[in-house]
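Below is one structure; the comments refer to it alone.
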Amino acid sequence: MSVFEYLEKRFGVTSRLIASITNFIQINFYTGIVIYAPALALEATTGLNENMSIILIGLICTFYSSIGGIKAIIVTDLLQGALMFICVCCVISVGLSDIEGGVWSVFDTAHKGGRLNFFNFDFDPTIRHTWWTLTIGGAYFFLSLFACNQVQVQRMLTAKTIGDARKALWTNIPMTLAMALTISFSGLVLYAYYFNCDPVILGDIKSYDMLMPYFAKNRMTEIPALTGIFIAGVFSASLSTVSAMLNSLAAIALADYIKPLYQRFGYDFRDDKAAFYGKVLGFIIGFISIAIAFIASRLGALIQAVLAVNGAFGGPILGLFTLGMFIESANEPGAVIGTIISIAFNIWIAFSPKPRTLVLDMSIDGCSNSSHIVQKYI
6 MSVFEYLEKR FGVTSRLIAS ITNFIQINFY TGIVIYAPAL ALEATTGLNE NMSIILIGLI
66 CTFYSSIGGI KAIIVTDLLQ GALMFICVCC VISVGLSDIE GGVWSVFDTA HKGGRLNFFN
126 FDFDPTIRHT WWTLTIGGAY FFLSLFACNQ VQVQRMLTAK TIGDARKALW TNIPMTLAMA
186 LTISFSGLVL YAYYFNCDPV ILGDIKSYDM LMPYFAKNRM TEIPALTGIF IAGVFSASLS
246 TVSAMLNSLA AIALADYIKP LYQRFGYDFR DDKAAFYGKV LGFIIGFISI AIAFIASRLG
306 ALIQAVLAVN GAFGGPILGL FTLGMFIESA NEPGAVIGTI ISIAFNIWIA FSPKPRTLVL
366 DMSIDGCSNS SHIVQKYI
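According to the working numbering, the residues represented by the sequence shown are 6 to 383, in order.
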């Protein structure tokens, strides 16, 4: 089943195809980024070449995702989510054990370094992070993911009743919040650990995306099994996300492209064909995602890339669903034209050159033979 069937009933087949293709591109790019992320961790912790890491992780994720259904994926997601949480908690525990003053020292260092600016209410759209961009932008970001994204809707469809689906959504809120806060705090711990000896400035790592794997390699190897737990946690994060996405991409291709094509030419599309095509599509889409992962390595910071991709494509889809639900007079020509213009404008905003953003100071004064602070611009 495709979430975009609603759009065909509300507007017509053209709006369904536009939204479906847009979401297909969005999920594909996101999957590529998710495959690339653990490749950085493998490179930093094991020394395995980045390209080989991408291919290895991509093949494992593709094979694992293609042989199971969505219900099996949800069960394994639960276990992998727990392992992910344990991995981040291990990083926090080891980091705090080396920071004099513990938690309070972490927050004090972050505050002095300007990393805890919660109340910036500036309306200037060129400022990267303000209360408005994070609150309003974040709300619509998550709304687009949970309300009209095939990945999340497909998970909700596995619930026995609508009531069970609602319970799952409400349960998801505190769990997602807990995970987000834990991951954010791990970032503060790593900042407090490296604030006066930045490994990026020293040239030990290429980007801040590699900071946590770098920490795991240099500090967690001293404690038996922790490096293995870290790598397992990174793989869990990738597998749990990629498996659901590949399954959803196959579902979109079957429901929105292949099945209608069969019906158009008068052929019967049986369930056994759907199962076979689903597995074949899973492998094909997996290889496409591996190719996109190589592109993701050139998109800059991973979090920024994720937000740019999901914002550029997810926002117009959310707008199309909202238009259909709340504006009775809306018709298909207006919906299609508005969606196309919105997608084009969002892509321009997301990927066009931006005003240079001042990066907060990092120091290497705490390193041996270093005595300067470097301020960089991106």
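Quick reminder that beta carbons are idealized off the backbone N, C-alpha and C, glycines included.
- A direct Cα-to-Cα measurement between Met184 and Thr140 gives close to 18 Å.
- In the structure shown, Leu363 adopts extended strand secondary structure according to DSSP, grouped into three states.
- Cβ atoms of Phe146 and Asn315 come within 8 Å of each other, at about 6 Å.
- For Met217, the uninterrupted alpha helix (DSSP H) segment begins and ends at 216-223.
- A straight line joining the alpha-carbon of Arg275 with that of Gly287 spans about 18 Å.
- Distance from Ala313 to Phe356 at the Cβ level is roughly 7 Å; contact confirmed, criterion being Cβ atoms closer than 8 Å.
- Per DSSP, the continuous alpha helix (DSSP H) segment holding His116 begins and ends at 107-117.
- With respect to the C-alpha of Ile348, the residue from Tyr11, Ala24, Lys14 having the closest C-alpha is Ala24.
- The beta-bridge partner set that DSSP reports for Ser7 is empty.
- Of the candidates Ala42, Tyr41, Gly324, Asn154, Gly324 places its Cα closest to the Cα of Ile345.
- Shortest Cα-Cα distance from Gly238 to any of Cys94, Phe34, Ile65 involves Cys94.
- Going by C-alpha positions, Thr181 is about 35 Å away from Lys264.
- Out of Ile91, Asp203, Phe9, the CA that lies nearest to the CA of Ala230 is found in Ile91.
- Excluding residues up to 5 positions away in sequence, Leu12, Glu337, Ala340, Val341 lie with their Cβ nearer than 6 Å to the Cβ of Ser20 in the same chain.
- Rounded to the nearest whole angstrom, the CA to CA distance from Phe126 to Tyr199 is 29 Å.
- For Arg275, there is no enclosing alpha helix (DSSP H), as DSSP marks it with neither H nor E.
- Every alpha helix (DSSP H) of 4 residues or more that sits fully in the region 247-328 is shown, in chain order, as 264-269, 276-301.
- A residue is called buried when at least 16 other Cβ atoms come within 10 angstroms of its Cβ; Ser98 does not meet this threshold and is exposed.
- Counting only the Cα atoms, Met6 lies some 58 Å from Asp370.
- Put simply, the region 58-73 touches the region 232-248. At least three CB pairs are less than 8 Å apart.
- When only Cα atoms are considered, Ile32 and Leu83 end up about 21 Å apart.
- Per DSSP, the unbroken alpha helix (DSSP H) holding Lys172 starts and ends at 167-199.
- In the displayed model, Ser368 falls within a strand according to three-state DSSP.
- When the beta-carbon positions are compared, Ile40 and Ile62 come within less than 8 Å of each other.
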